Amino acid sequence: MGHPETSADGGAGDRAVGAARLTPSLTDHCPAVRDGGSVSAMVPGRQLSDESPGLTPHEPRLVGSVGKAAAILKAFTPDRPALSVRALASRTAIPRSTVHVLCQTLREAGLLETLPGHGYRLGPVVLGLGGQVIEQAGLADATEGVAAMLLHADGQEMHLGQLVGGWVVYLYRVGRPSRPVMVNRVGLRAPAHLTGCGKAALAHVPDGEAEQRVRSVCRDDGPPLPDLDAVLTELATVREHGYVVSSSFQPGRTSVAAAIVDQDGAVRGGLSVAGPTPLFTRALLRRAAGDVVECAQLVSERLATVPLPATARAATAPWRR
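Using my numbering, you'd call the opening residue of the sequence shown number 85 and step up by one each time.
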């Protein structure tokens, strides 16, 4: 089996919430809502109001204040884990007074927590919710025991990533930590077009959709927009060979990755073996490519034998932004 050339385009207070008292009503603090005015919310692809006026019969009835709260939660990124009210207002285009009230409410619910001198960061409840999503997806369970089939050299790591929009979210990681580990820690999300797992997964969606996902990540979260023609060319090579060799996420590190698909043929994510670039001799690279394709196929087959929960199945539906 041949392999594509390595990409070098340069390169994620425990506090018991319990029966926390929530703000009785957002309308108590948001005059525009209380008075029946239209209050926009930064929800991808549309503006919302708490009244959702002018809906057609086929449009869902949406609540603007919930959309605003979601926009605040999604404003936090690995590069910006803590944000002030001013920064949140700037990133979401929501009035600062509204951001202040929503952050207080989210803090009482455990979805945010205060960080003295820095504002807010995601709270412990988010971790629990994220854990449930990982459980529902079934990817981590389907990967059990695979590391022994992939890791053949000291310093290698196995990474499992789920494709979420234009991002890859790392769900599982195991390796031999005798060398400095890679930054692909569990829970980290990274632009899919820069990572091995992400490229392998993106290669399994139509080019137009892959381009849309890349544009969305770069527009909303700041990484520079890459040469999209080059990205699509690389994804075509991945489809041809069945795997990708990538060094674009972390300097000095290389990953060999293949896609994981579910029983319906929908891409779910990617599996990779990674480590320091000098570790991957020609012989080891060839072996890693064969192993990762075989193991990704095994994980895909395991997914096909276990019914996917409805919530997880919905998450794998065609993505739109």
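Note that CB positions come from ideal geometry on N, CA and C, so glycine has one too. All of these numbers come straight from a predicted model, not from anything done at the bench.
#1: Excluding the 5 residues preceding and the 5 following residue 223 in the sequence, name in chain order all residues of the same chain whose CB lies nearer than 8 Å to its CB.
#2: Would a C-beta distance cut-off of 9 Å place residue 288 and residue 372 closer than the cut-off?
#3: Restricting to runs no shorter than 3 residues, where is the beta strand (DSSP E) found entirely within the region 266 to 328?
#4: So, is residue 200 buried or exposed, given that buried needs 16 or more other C-beta atoms within 10 angstroms?
#5: Report the start-end ranges of each alpha helix (DSSP H) in the region 171 to 200 that is 4 residues or longer and not cut off at the edges.
#6: For residue 339, which of 349, 356 and 348 has the nearest alpha-carbon?
#7: One question on the structure: do residue 162 and residue 274 come within less than 9 Å of each other, judged by their Cβ atoms?
#8: Using DSSP with H/G/I as helix, E/B as strand and the rest coil, what is residue 162?
#9: Buried or exposed: where does residue 277 fall if 16 or more other Cβ atoms within 10 Å of its Cβ makes it buried?
#10: For residue 168, which residues in the same chain have their Cβ closer than 6 Å to its Cβ, ignoring the five residues on either side in sequence?
#11: Apply the 10 Å Cβ neighbour rule to residue 134 and answer buried if 16 or more other Cβ atoms are within range, or exposed otherwise.
#12: Comparing alpha-carbon positions, which option in 190, 283, 379 and 369 lies nearest residue 332?
#13: Residues in the same chain with beta-carbon distance under 6 Å from residue 279, minus the five sequence neighbours each way, listed in chain order, please.
#14: Since residue 232 is in the beta strand (DSSP E), which residue starts that stretch and which ends it?
#15: Between the Cα of residue 347 and the Cα atoms of 385, 311 and 377, which residue gives the shortest distance?
#16: For the beta strand (DSSP E) containing residue 356, list its first residue and its last residue.
#17: How is the alpha helix (DSSP H) around residue 386 delimited, first residue to last?
#18: Could you say which of 290, 341 and 145 lies nearest to residue 325 if we only look at CA atoms?
#19: Which class does residue 332 belong to by DSSP, given the choice of helix, strand or coil?
#20: In chain order, what residues of the same chain have a beta carbon less than 6 Å from the beta carbon of residue 349, not counting five sequence neighbours either side?
#21: Please state whether DSSP places residue 147 in a helix, a strand or coil.
#22: Work out the CA separation of residue 359 and residue 312 for me, nearest whole Å.
Here's the rundown:
#1: 244, 246, 255, 256, 344, 352, 353, 383 and 387
#2: no
#3: 273 to 275
#4: exposed
#5: 180 to 192
#6: 356
#7: yes
#8: In the displayed model, residue 162 falls within coil according to three-state DSSP, outside both helix and strand.
#9: buried
#10: Within the same chain, residue 168 has close Cβ partners 203.
#11: Unreliable placement is indicated for residue 134, whose pLDDT of 48 sits below 50; the coordinate value is still reported in the next sentence. It counts as buried.
#12: Among 190, 283, 379 and 369, the Cα nearest to that of residue 332 is on 283.
#13: 252 and 333
#14: Residue 232 -> not in any beta strand (DSSP E); alpha helix (DSSP H) instead, spanning 231 to 234.
#15: 385
#16: 351 to 360
#17: 366 to 389
#18: If you compare the alpha carbons of 290, 341 and 145 with that of residue 325, the shortest gap goes to 341.
#19: The answer is coil: DSSP assigns residue 332 none of H, G, I, E or B.
#20: none
#21: In this structure, DSSP gives residue 147 a state outside helix and strand, which the three-state scheme calls coil.
#22: 27 Å
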